[in-house]
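To convert a position in the sequence shown, counted from 1, into the working numbering, add 49.
Beneath this line is the structure, given in structure tokens, with notes to follow.
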Amino acid sequence: MQRLKALWEKTDRLVIGLMSGTSADGIDAVLVCIHGCGTATKVRQIAFTCTPFSPDVRKRILHVAAGEPATAEEWCSLKTLLGSLYADCCETLCEKAGVPLSMIDLVGNHGQTIWHIPRETIYLDRPLRGTLQIGEDAVIAERLGCPVVGDFRVRDMAAGGQGAPLVPYTEYLLYRDEEKHVALQNIGGIGNVTILPAGGRLCDVTAFDTGPGNMIIDALTEKMTGGKMTYDEGGLLAAGGTVSDKLLAHMMDDPYLSLTPPKTTGREKYGPAYVKELLQMAEALHLPPADTLATATRFTAETIACGIRRFAPVMPDRMIVGGGGSKNRTLLRSLDRLLPDCEILTNEDLGLDSDAKEAIAFAVLANEAVFGICNNAPGATGAARPVVMGKLSL
Numbered sequence: 050m051q052r053l054k055a056l057w058e059k060t061d062r063l064v065i066g067l068m069s070g071t072s073a074d075g076i077d078a079v080l081v082c083i084h085g086c087g088t089a090t091k092v093r094q095i096a097f098t099c100t101p102f103s104p105d106v107r108k109r110i111l112h113v114a115a116g117e118p119a120t121a122e123e124w125c126s127l128k129t130l131l132g133s134l135y136a137d138c139c140e141t142l143c144e145k146a147g148v149p150l151s152m153i154d155l156v157g158n159h160g161q162t163i164w165h166i167p168r169e170t171i172y173l174d175r176p177l178r179g180t181l182q183i184g185e186d187a188v189i190a191e192r193l194g195c196p197v198v199g200d201f202r203v204r205d206m207a208a209g210g211q212g213a214p215l216v217p218y219t220e221y222l223l224y225r226d227e228e229k230h231v232a233l234q235n236i237g238g239i240g241n242v243t244i245l246p247a248g249g250r251l252c253d254v255t256a257f258d259t260g261p262g263n264m265i266i267d268a269l270t271e272k273m274t275g276g277k278m279t280y281d282e283g284g285l286l287a288a289g290g291t292v293s294d295k296l297l298a299h300m301m302d303d304p305y306l307s308l309t310p311p312k313t314t315g316r317e318k319y320g321p322a323y324v325k326e327l328l329q330m331a332e333a334l335h336l337p338p339a340d341t342l343a344t345a346t347r348f349t350a351e352t353i354a355c356g357i358r359r360f361a362p363v364m365p366d367r368m369i370v371g372g373g374g375s376k377n378r379t380l381l382r383s384l385d386r387l388l389p390d391c392e393i394l395t396n397e398d399l400g401l402d403s404d405a406k407e408a409i410a411f412a413v414l415a416n417e418a419v420f421g422i423c424n425n426a427p428g429a430t431g432a433a434r435p436v437v438m439g440k441l442s443l
């Protein structure tokens with residue numbers, strides 16, 4: 050308790066946020082100074098690093114995340130290995146920032162999502178929902194000598210929520226606007242949007258996963274380039290193709306897009322099996338790889354626009370795009386055309402850092418957790434009530 054007492058007494062805290070997303074391409078680590086908590090929270094970014102997973106580590110993550118056979122020994126080893134890799138990233142980050150490890154007050158660790166069951170499923174005759182993020186927080190706590198908060202999603206799910214999306218709470222704290230309706234669209238492996246009505250309260254926030262973000266695009270890029278590229282840099286490959294109306298219509302005939310929020314999705318829906326089926330249909334239509342990629346890129350934009358039109362309580366005046374997809378100019382151009390009355394911006398247009406945004410969210414969520422402040426947004430996740438998310442390793 051002495052460690053927590055010391056945190057509570059500080060006006061400003063140095064907090065590291067860690068995020069590795071469904072694309073499993075690497076670890077985002079950000080160092081921020083956080084002042085206050087709750088609606089008084091102020092955040093200043095100090096340093097950011099992104100460390101790619103080695104090909105072997107990424108291969109094993111994607112293997113188990115696709116539901117492929119894995120032994121208990123591998124699960125144990127992968128969980129511990131990721132904890133060690135997260136700790137390595139914290140050390141690298143502090144070295145870059147010129148900040149001694151001993152000065153770090155707290156770490157917020159999202160972990161690596163392996164499986165997510167947002168809707169009720171019967172298991173051994175009992176209905177349940179669940180989620181699994183791995184990456185041992187205790188390893189990070191031991192290496193850095195400070196408290197670590199992780200495994201955020203499970204507490205929201207225990208309260209009847211879907212455990213996602215989690216960033217709407219932090220977006221409300223950091224991006225709310227008295228004058229404009231704001232949409233915050235993250236495009237990572239999965240796309241998710243938060244709608245902040247002008248002058249609204251936390252209970253007015255709407256958020257949901259729009260569908261695939263970069264996940265399908267990345268898989269097609271890797272296939273198209275024979276593994277030489279793992280993502281379509283700047284959307285240049287997609288820009289060289291032509292969207293297939295037939296393939297796009299098939300992709301848009303997707304039951305997920307019609308589901309009413311709260312709703313979440315992930316690799317279990319848009320992973321290897323989905324991509325395999327997509328490639329089979331593209332082959333039947335005699336589409337060149339560039340056209341298939343162009344169509345998948347448009348599909349991501351269409352799912353975002355479709356979600357906004359169907360489920361946003363207000364039409365946004367401004368959409369701020371973050372995540373890796375914010376660098377895909379082909380994708381952004383499609384969004385601009387599909388949402389002509391909405392100003393499309395990136396975090397960089399506002400002097401912020403798209404790459405660091407989700408890692409910052411988990412630094413803030415950890416800060417809220419140690420102060421005992423409820424840090425979910427029930428209107429976004431469907432939870433029955435506000436809860437304090439995150440497990441603490443001291």
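Beta carbons are placed, not taken as given, at the ideal position from N, Cα and C, and that holds for glycine.
- In the three-state scheme derived from DSSP, where H, G and I count as helix and E and B as strand, N235 is classed as strand.
- Looking at T180, S403 and D226, the one whose alpha-carbon comes closest to that of D205 is T180.
- Taking 3 residues as the minimum length, the beta strand (DSSP E) runs contained wholly in the region 310-384 are 367-371, in order along the chain.
- For Y172, the uninterrupted beta strand (DSSP E) run begins and ends at L155 to Y172, by DSSP.
- L80 is not a Cβ neighbour of V156, given a cutoff of 8 Å.
- Look at the beta carbons and you see the region 278-285 touching the region 365-380: at least three pairs across the two are nearer than 8 Å.
- Taking L414 as reference, the option from T219, K91 and E117 with the minimal CA-CA separation is T219.
- Per DSSP, the beta-bridge partners of P101 are G75.
- Taking the Cα of I166 as reference, the smallest distance to any Cα among L296, P176 and H159 is reached at P176.
- For A268, the CB contacts under 6 Å within the same chain, skipping 5 residues up- and downstream, are V324 in chain order.
- In this chain, the beta strand (DSSP E) harbouring S442 covers K440 to S442.
- Under the Cβ criterion (8 Å, minimum of three pairs), the region 108-123 does not count as touching the region 90-99.
- Residue state for E117 is assigned as coil, using DSSP reduced to three classes.
- K229 and P365 have their alpha carbons spaced roughly 8 Å apart.
- Residue range D61 to S69 is occupied by the beta strand (DSSP E) that includes L67.
- Excluding its 5 nearest sequence neighbours in each direction, G320 has C-beta neighbours in its own chain below 6 Å: A115, listed in chain order.
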